[in-house]
Structures are given as C-alpha cells and as structure tokens.
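Novice:
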Amino acid sequence: MRKLIGILLFVSLFMLPYFFANTKFEGNVIRLGMSGPFSGGLTSVGNQFLLGAEIYLQNLNDHGGVYGRKIEIIAKDDRYEPKIAIENVDELIKKDKIFALFGIIGTPVAEAIFPIAIEKRIPFVGAYSGAEFLRNPPNPIVLNARASDLDEIEKLVQYYADDLKYKRFALFYQNDSYGRTGLSGVKNALAKRNLVLVGEGSYKRNTLSVGNALYEIELCNPEVILMIGSTTPTAEFIKRARKSQKIRQNIQFGLFSFIEPKPLIDFLHGNGKGITFAQVVPSPWTSEVDEVENYRMLMHKYYPKEELGHVSLEGYFAARMIAEVFKSLGKEFTKEEFIKALGTFSKTLDETAISKNRDERCKCLHRVHLSEYVDDDFYSVGQNDEH
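Numbering (the working numbering), first residue to last: 1 to 387.
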C-alpha cells in the first residue's frame with residue numbers, strides 16, 4: 001500500500017507542471033521573468049535590452065494591453081554569472097509566478113537555466129543568445145528572436161573570405177560555452193572554403209585578461225581577427241593589438257553581435273578603422289523599416305534622453321514578438337496553448353514566409369547585418385537585406 005501511495009505521489013509531482021500548463025490563465029497581468037547583467041561589466045547589455053522591451057510593452061499597456069491584460073517584466077540581476085541566474089530563475093518561478101522566461105542574456109546563462117525551463121515547462125522566449133542548443137533540436141518551449149551564432153559566423157567569413165579574399169584568420173574568444181561553440185563554428189565555416197584557423201587566443205569571462213590571447217595571435221600573422229566576446233574585453237584587445245609591433249597595420253577585426261557597436265567605438269575614442277560589426281537587427285539610426293521607425297518614436301516618447309542602440313532595438317523586437325503570440329491566442333488560453341502557438345509563430349519568421357507575407361509580424365529578425373563605422377556613422381557593407 002505504501003509503495004502504491006509513493007508511486008502515485010511521484011506521478012502526481014511529475015505531472016504537476018502539465019496540470020498547471022493546461023489550466024486557463026487568470027489575472028490581469030502577465031508576468032515575464034528576466035535574469036540579466038544589471039551590474040558588472042555587461043550592465044549596458046542588460047539595461048539596454050530591458051529598456052527596448054519596456055518601451056514596447058509600456059506603449060502596449062498604455063493602449064489597453066492584450067485583451068485588457070498588461071504584460072510586465074520582472075528583472076533580476078545575475079551579473080552574467082550562471083550560478084546567480086539559477087537562483088534568480090528559481091525565485092522568479094516559485095515566488096513571482098512568472099508565465100514565461102524572457103530575454104535571458106548570454107549563452108552561458110541560458111545554458112545553465114534552460115534545463116530548469118524544460119523541467120518546469122516554462123516558455124523560453126527571446127533569449128539574447130544565438131546558441132545552437134536553443135535551435136537544434138527544436139524545443140516546443142523555445143521561441144528565438146535573433147539569428148543564430150552560426151548565421152553570424154557564416155556571414156562574416158563569407159564577407160572576408162569570399163568577398164574580400166582574405167585567407168589568414170585568427171579568433172579571439174571568450175573561454176566558455178559561448179566562445180568555444182563559436183570556435184568550432186568558425187573552424188567549420190573556414191573548412192568549407194578550404195581554409196584553416198591560423199591562430200586563436202581566449203580570455204576568461206568577466207575579465208580584461210586579454211594579454212595572453214594577444215600574444216598567441218601575434219605569433220600567427222593574421223589578416224583578419226574574428227572576435228567572439230563582450231564589449232569591454234574586445235575593446236581592450238583591439239587597443240593593444242593596434243599598439244603591437246607584431247600585428248600588421250591593416251589588420252581587420254570582425255565582431256559578433258554580443259559586442260555593442262556604439263559603446264565599443266566610444267571605448268576606442270571614435271576610431272573604427274578596420275572593424276566590421278555583425279548585428280541581428282538593422283541600423284537603429286538610419287533604417288527606414290516601419291518597425292524601426294516605431295522603435296525610434298517610442299524611445300523619444302518614453303526615454304528621450306536615452307541613446308538609440310542595437311541592443312535596445314533587439315529588446316523591442318523580442319517584446320513585440322511575445323506580445324504578438326499572446327494576441328494570436330485570444331483572451332482565454334492555457335500555457336500549453338501558448339507553447340503550441342510558439343511553434344506556429346516561429347514558422348512566420350522563416351525567410352520564405354517573410355518574403356511572401358506582407359503582414360508578417362516581426363520583421364528584421366533571423367537576418368545578419370554587417371556594418372562599418374566611418375565619419376561618425378554606421379554604414380552597411382556586404383550583402384545586407386533590410387526588407
């Protein structure tokens with residue numbers, strides 16, 4: 001009898017997330033949980049992504065929300081440290097009763113908390129990560145807003161190797177799951193072109209310890225240094241590389257989207273020579289896409305003193321994306337119905353669907369845009385698609 005009771009208790013606990021997932025949502029507020037770096041070296045990324053998301057949601061809520069419900073973000077600081085993020089997510093789920101995780105910043109953090117989302121059946125939407133584990137194999141609780149890291153790698157390697165005919169590539173990367181996955185992706189992209197990585201150097205996350213990486217890369221005489229990391233250590237590396245007598249004067253730096261273009265240029269005192277930026281959103285300043293113009297209008301309306309930027313624009317798109325999913329469900333829905341809608345919605349972000357659907361709900365996502373900084377402005381390079 002005790003054994004039977006134990007089995008029943010185990011089954012009940014196992015099925016509990018599915019029971020709640022099939023209960024109609026009640027309440028006037030939909031709470032989204034975000035764990036991000038709101039202090040430390042990546043403060044700007046966390047704050048800017050949240051800012052962009054909040055201008056969209058604030059405007060949405062000011063106009064009645066979604067079927068009368070407001071959407072709010074509960075944000076907790078993790079300083080870009082996975083262990084702290086795990087504690088945050090546990091609190092967001094148990095205490096704050098969030099409906100979904102939203103805008104998780106960074107691959108190492110996403111990797112740490114994703115198993116919790118799977119176990120608790122919590123939707124995982126709009127992560128600021130291009131990690132492959134969030135894409136393949138597809139998981140029904142996930143909806144990504146951005147292009148993948150592999151898309152960015154392919155775009156940059158194509159630009160430098162195919163268009164500009166460079167052959168000697170080195171890689172500067174963050175020594176964690178984010179950087180190591182990028183290392184593998186770069187090697188594969190080069191191998192497709194019968195090229196190899198001539199050198200590599202890494203640094204420890206949340207530090208400026210780039211000296212050893214520079215030494216390793218100096219030894220291989222690269223033409224192009226691809227850079228997978230965060231803004232401040234990347235800027236520090238570029239500063240030192242430009243002073244090095246062992247690095248060629250016309251060296252090219254190819255930067256991935258976790259690096260913020262405008263703050264990096266500020267760190268370098270406006271010197272953008274030889275730097276190409278990969279981004280997953282178009283220019284926040286010059287793009288004529290309607291949704292980017294709406295982002296600029298809302299930034300001016302709610303935060304007129306804040307500067308525009310790629311990260312806040314991505315936060316805006318991610319917030320719009322999740323709001324559109326809620327709109328598609330009607331007033332009454334369960335969490336399982338929401339999860340099912342994520343799969344349907346992701347199909348509208350396919351490139352073919354985008355080109356055919358004039359009413360497509362979130363433009364500019366799942367593309368990689370390349371730009372360079374010249375004469376105090378960012379200009380598109382390579383084959384960029386804004387439409």
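C-beta: ideal position from N, C-alpha, C; glycine also.
What do you reckon, are the CB atoms on residue 182 and residue 217 nearer than 8 Å?
Specialist: no
Novice: Using the beta-carbon count (16 or more within 10 Å), is residue 269 buried or exposed?
Specialist: Exposed: under 16 other Cβ atoms inside 10 Å.
Novice: Mapping the DSSP letters down to three states, classify residue 112 as helix, strand or coil.
Specialist: Of the three classes helix, strand and coil, the one that applies to residue 112 here is helix, per DSSP.
Novice: In this structure, how does DSSP classify residue 286 when only helix, strand and coil are distinguished?
Specialist: coil
Novice: What residue from 90, 237 and 263 has the CA that sits closest to residue 209's CA?
Specialist: 237
Novice: Give the single residue among 67, 131 and 47 whose Cα lies nearest to the Cα of residue 76.
Specialist: 47
Novice: Per the contact definition of three or more C-beta pairs closer than 8 Å, is the region 268 to 286 in contact with the region 253 to 260?
Specialist: Three or more pairs of CB atoms, one per stretch, sit closer than 8 Å, so the region 253 to 260 contacts the region 268 to 286.
Novice: Counting only the same chain and skipping the five closest in sequence on each side, list residues whose C-beta sits under 7 Å from that of residue 196.
Specialist: 190
Novice: How big is the Cα-Cα spacing for residue 336 and residue 123?
Specialist: Rounded to the nearest whole angstrom, the C-alpha separation of residue 336 and residue 123 is 9 Å.
Novice: Nearest CA to the CA of residue 231: which residue from 137, 244, 307 and 261?
Specialist: Of the listed residues, the one whose Cα sits closest to residue 231 is 261.
Novice: Please say whether residue 29 and residue 79 have beta carbons closer to each other than 8 Å?
Specialist: no
Novice: Going by C-alpha to C-alpha distance, which of 130, 219 and 234 sits closest to residue 41?
Specialist: Residue 234 is the option with its Cα nearest to residue 41.
Novice: Can you give, in chain order, each stretch of the beta strand (DSSP E) that sits fully within the region 135 to 193 and has at least 3 residues?
Specialist: 169 to 174
Novice: Rounding to the nearest angstrom, what Cα-Cα distance links residue 328 and residue 341 in this structure?
Specialist: 8 Å
Novice: Look up residue 355 in the DSSP assignment and say whether it is helix, strand or coil.
Specialist: At residue 355 the pLDDT is 32, less than 50, meaning the model places this residue with poor confidence; the figure from the coordinates comes in the next sentence. If DSSP states are grouped into helix, strand and coil, residue 355 belongs with the helices.
Novice: Rounded to whole angstroms, what is the Cα-Cα separation between residue 385 and residue 172?
Specialist: Summary for residue 385: the model assigns pLDDT 47, below 50, so the residue's position carries little reliability, and this model does not support an answer.
Novice: Among the residues of its own chain, which have a CB less than 6 Å from the CB of residue 64, if the five just before and after it don't count?
Specialist: none
Novice: For residue 300, is the classification buried or exposed, using 16 other Cβ atoms within 10 angstroms of its Cβ as the cut-off for buried?
Specialist: Classification for residue 300: exposed.
Novice: Reducing DSSP to helix, strand and coil, say where residue 215 ends up.
Specialist: helix
Novice: Reducing DSSP to helix, strand and coil, say where residue 25 ends up.
Specialist: coil
Novice: What's the call for residue 374, buried or exposed, on a 16-neighbour Cβ count within 10 Å?
Specialist: exposed
Novice: Could you say which of 382, 167, 113 and 215 lies nearest to residue 83 if we only look at CA atoms?
Specialist: Shortest Cα-Cα distance from residue 83 to any of 382, 167, 113 and 215 involves 113.
Novice: Going by Cα to Cα distance, which pick from 74, 99 and 34 is closest to residue 334?
Specialist: 99
Novice: Can you tell which of 142, 339 and 205 has its C-alpha closest to the C-alpha of residue 326?
Specialist: 339
Novice: Hey, which unbroken runs of the beta strand (DSSP E) at 3 residues or more fall wholly within the region 260 to 333?
Specialist: 275 to 279
Novice: By a C-beta neighbour count over all protein chains shown, 10 Å radius and 16 as the cutoff for buried, is residue 297 buried or exposed?
Specialist: Exposed, because fewer than 16 other Cβ atoms sit within 10 Å of the Cβ of residue 297.
Novice: With respect to the alpha helix (DSSP H) encompassing residue 58, which residues constitute its N-terminal and C-terminal limits?
Specialist: 43 to 62
Novice: Give the straight-line distance between the Cα atoms of residue 157 and residue 331, rounded to the nearest whole angstrom.
Specialist: 46 Å
Novice: Where residue 214 and residue 308 are concerned, what is the direct C-alpha to C-alpha distance, given to the nearest angstrom?
Specialist: Cα to Cα, the separation comes out at about 32 Å.
Novice: Determine the extent of the alpha helix (DSSP H) in which residue 93 is found, giving its start and end residues.
Specialist: 82 to 94
Novice: What's the C-alpha gap between residue 351 and residue 378?
Specialist: For residue 351, the predicted model reports a pLDDT of 36, less than 50, meaning its position is unreliable and no value from the coordinates is stated.
Novice: Can you tell me where the alpha helix (DSSP H) holding residue 241 begins and where it ends?
Specialist: 231 to 243
Novice: Within 10 angstroms of its Cβ, does residue 264 collect 16 or more other Cβ (buried), or is it exposed?
Specialist: buried
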